[in-house]
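Undergrad:
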Amino acid sequence: MCERGLSAQDIAKIELTGVFPLIGNTIPTAFWFIYHIFSSPVVLEDCRREVLQAVSERDGVCTIDASFIKDSCPILSSTFQEVFRFHGMGTSVRVALEDHMLDGKYLIKKGGMVMVSSRVQHSSPSIWGEDVDEFRHTRFVKTLLEIVETL
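One point on numbering: in our numbering, the residue at position 4 of the sequence shown is 7, and numbering is uninterrupted.
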């Protein structure tokens, strides 16, 4: 986002605004997360395989290493992100900092409010591909090539 002219402070504000929908959508998000994991044998097996690595047993007591899950379960994390993409209904509201002509025909005046539906952003085939209407639990798993390209 920095290459698009946003300052670190603006990026922080954008990231912080994501907290409020997360809190307000905890129950529906948990429902859809559990639903998608347990309604597909493939998703269940993939997530179970990752999470089992975080479980240790000692003297009959099982312990889950939450930091391992956070840092080392990319499929579980991707499934969670895909739930937000697939089911999210958030709306972003921004104030125009200067006059802007949108698409060569719509004038947004300085100080005007602009509302952007995340549903539009999250259902665009040009962004997400032709399978945009499918729940794909591995959509957000980075490939080795993608990781190397960010280095």
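Note that the Cβ used here is the ideal one computed from N, Cα and C, for glycine as well.
State yes or no: is the C-beta of H140 within less than 8 Å of the C-beta of I78?
TA: In contact: H140 and I78 (Cβ atoms closer than 8 Å).
Undergrad: Do R142 and S81 have their beta-carbon atoms positioned less than 8 Å apart in this structure?
TA: Cβ atoms of S81 and R142: closer than 8 Å.
Undergrad: Here's the rule: buried if 16 or more other CB atoms are within 10 angstroms of the residue's CB, otherwise exposed. What is E18?
TA: Counting Cβ neighbours within 10 Å, E18 comes out exposed, since fewer than 16 surround it.
Undergrad: My parser needs the alpha helix (DSSP H) runs of 4 or more residues fully inside the segment 18–74; what are they?
TA: Listed in chain order, the complete alpha helix (DSSP H) runs (minimum 4 residues) inside the segment 18–74 are 22–27, 29–41 and 44–55.
Undergrad: Identify the continuous alpha helix (DSSP H) that holds R88 and give its terminal residues.
TA: Taken as a continuous stretch (DSSP letters only), the alpha helix (DSSP H) holding R88 covers P77 to H90.
Undergrad: Taking the C-alpha atoms as reference points, what is the distance between F89 and F138?
TA: So the two alpha carbons sit approximately 7 Å from each other.
Undergrad: Compute the beta-carbon to beta-carbon distance between V46 and I40, rounded to the nearest angstrom, for a pair I have assumed lies under 8 Å.
TA: 5 Å between Cβ atoms; contact.
Undergrad: Would you check if the distance between the CB atom of V117 and the CB atom of A99 is smaller than 8 Å?
TA: Yes. Within cutoff.
Undergrad: G155 and S121 look like a contact to me (Cβ under 8 Å); what is the Cβ gap, rounded to whole Å?
TA: Outside the shown range of the chain, which is 4 to 154, sits residue 155, and nothing can be said about it.
Undergrad: According to the neighbour-count rule (16 or more other Cβ atoms, all chains shown, within 10 Å of its Cβ), is E85 buried or exposed?
TA: The residue in question, E85, is buried, as its Cβ has 16 or more Cβ neighbours within 10 Å.
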